[in-house]
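Position in the sequence shown (first residue = 1) + 69 = this note's numbering. Yeah, the Cβ is synthetic: ideal placement off N, Cα and C, and Gly gets one too. All values reported here derive from a predicted model rather than from experimental measurement. Below you'll find the structure, written out as structure tokens, and then a few comments.
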Amino acid sequence: MVMEGSIKKEGAAAPFYLPQSDECEIFAAAHSNGLPLLLKGPTGCGKTRFVAHMAAQLNRPLYTVACHDDLSAADLIGRYLLKGGETVWADGPLTRAVRAGALCYLDEVVEARKDVTVVLHPLTDDRRILPIDRTGEELVAAPEFMLIASYNPGYQNILKTLKPSTRQRFLSIEFDFPAPEQETAIVATESGLSADRVAPLVRLAGKLRGLRGQDLEEGVSTRLLVYCATLIHQGMPVERAILAAMIEPLTDDEDVKRGLLDLVTAVFG
Ligand SMILES: Nc1ncnc2c1ncn2[C@@H]1O[C@H](COP(=O)(O)OP(=O)(O)O)[C@@H](O)[C@H]1O
Ligand SMILES: [Mg+2]
70 MVMEGSIKKE GAAAPFYLPQ SDECEIFAAA HSNGLPLLLK GPTGCGKTRF
120 VAHMAAQLNR PLYTVACHDD LSAADLIGRY LLKGGETVWA DGPLTRAVRA
170 GALCYLDEVV EARKDVTVVL HPLTDDRRIL PIDRTGEELV AAPEFMLIAS
220 YNPGYQNILK TLKPSTRQRF LSIEFDFPAP EQETAIVATE SGLSADRVAP
270 LVRLAGKLRG LRGQDLEEGV STRLLVYCAT LIHQGMPVER AILAAMIEPL
320 TDDEDVKRGL LDLVTAVFG
């Protein structure tokens with residue numbers, strides 16, 4: 070579990086984020102109205118960066134929890150710990166965010182155990198309360214508290230989808246990989262490689278993404294494009310960087326790999 074509660078330092082800039090559309094306005098409106106927000110979209114398309122950017126913009130601390138199949142309600146809410154023979158209560162990240170009026174980001178929320186969604190229900194309707202059964206407390210969320218969750222609807226796993234009763238409590242934004250022009254600007258900024266050298270990589274990514282659902286489970290992410298451009302910027306030959314950052318991460322199947330390399334030749338000649 071990753072967790073942090075950092076407040077933007079005075080004068081420190083928000084992490085670079087190039088909006089795809091009006092998502093910043095929607096996020097700000099959700100925050101000022103106390104509404105929870107769900108971000109849907111594939112891995113590596115900018116969801117986490119977006120949340121970090123908005124937390125800095127709104128000047129709120131951010132607690133990020135990477136959900137996994139062992140994550141329980143107690144991990145979020147807190148538990149009694151033994152300290153020098155005494156039991157003391159320790160708030161979990163969700164409880165801390167609720168008390169402090171922070172943002173709490175549950176990354177890949179569908180991975181978490183079922184008891185987690187039960188906790189989210191009273192927090193995501195107009196009561197905005199967090200009952201802590203173990204201590205008998207019932208916290209009312211501070212006005213600036215906001216719950217954000219993300220999930221990847223692309224994973225073909227019917228067991229791991231959000232129940233309608235849960236998802237209908239969230240405003241939702243769908244993310245996808247940025248349009249080519251925007252993605253070129255993002256990858257150039259993140260890697261330092263010039264836009265004219267990034268552009269063909271983005272074109273290749275577009276072709277690889279066209280194979281989503283056929284030969285490939287997932288298309289190449291913006292994150293992998295940034296990795297690829299970073300290696301090239303550092304002096305690695307283009308073909309080698311592409312193999313390491315855009316081909317090998319996508320498949321283990323030798324036949325599929327050969328097919329992908331044909332696409333590389335088609336784009337780069
Ligand atoms: N709109 C964007 N603005 C700036 N950087 C972006 C954007 N989209 C993607 N990135 C880059 O892609 C990387 C992966 O994005 P991330 O937010 O971690 O993806 P996700 O959380 O959707 O898996 C980021 O670290 C950043 O370098
Ligand atoms: Mg993420």
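Taking 6 Å as the cut-off, is the beta-carbon of residue i closer than that to any non-hydrogen atom of ligand 1?
i	result
leucine 131	no
tyrosine 86	yes
threonine 186	no
glutamate 259	yes
Output the distance between the C-alpha atoms of residue i and residue j, rounded to the nearest integer angstrom.
i	j	result
valine 289	proline 233	29 Å
isoleucine 311	cysteine 297	6 Å
alanine 171	glycine 279	39 Å
leucine 285	glutamine 251	24 Å
phenylalanine 337	serine 219	35 Å
alanine 83	arginine 197	28 Å
glutamate 287	tyrosine 149	41 Å
histidine 100	methionine 305	43 Å
arginine 238	aspartate 194	7 Å
Is it true that the CB of residue j sits closer than 7 Å to the CB of residue i?
i	j	result
glutamate 177	cysteine 136	yes
leucine 262	isoleucine 301	yes
lysine 109	proline 247	no
leucine 294	alanine 268	no
threonine 133	tyrosine 86	no
lysine 342	phenylalanine 214	This structure cannot settle anything about residue 342, because the visible part of the chain is limited to 70 through 338.
serine 241	leucine 107	yes
Got a sec: does ligand 2 put a non-hydrogen atom nearer than 6 Å to the Cβ of residue i?
i	result
lysine 116	yes
aspartate 265	no
aspartate 245	no
What is the DSSP secondary structure of residue i, counted as helix, strand or coil?
i	result
alanine 135	strand
arginine 203	coil
arginine 281	strand
alanine 248	coil
tyrosine 149	strand
serine 41	Because the chain in this structure spans residues 70 to 338, residue 41 falls outside the shown range and cannot be described.
alanine 83	coil
So residue i and residue j are in contact, right, with Cβ under 8 Å, and what is the actual spacing, rounded?
i	j	result
aspartate 184	alanine 142	4 Å
proline 212	glycine 328	Proline 212 to glycine 328, Cβ: 54 Å. No contact.
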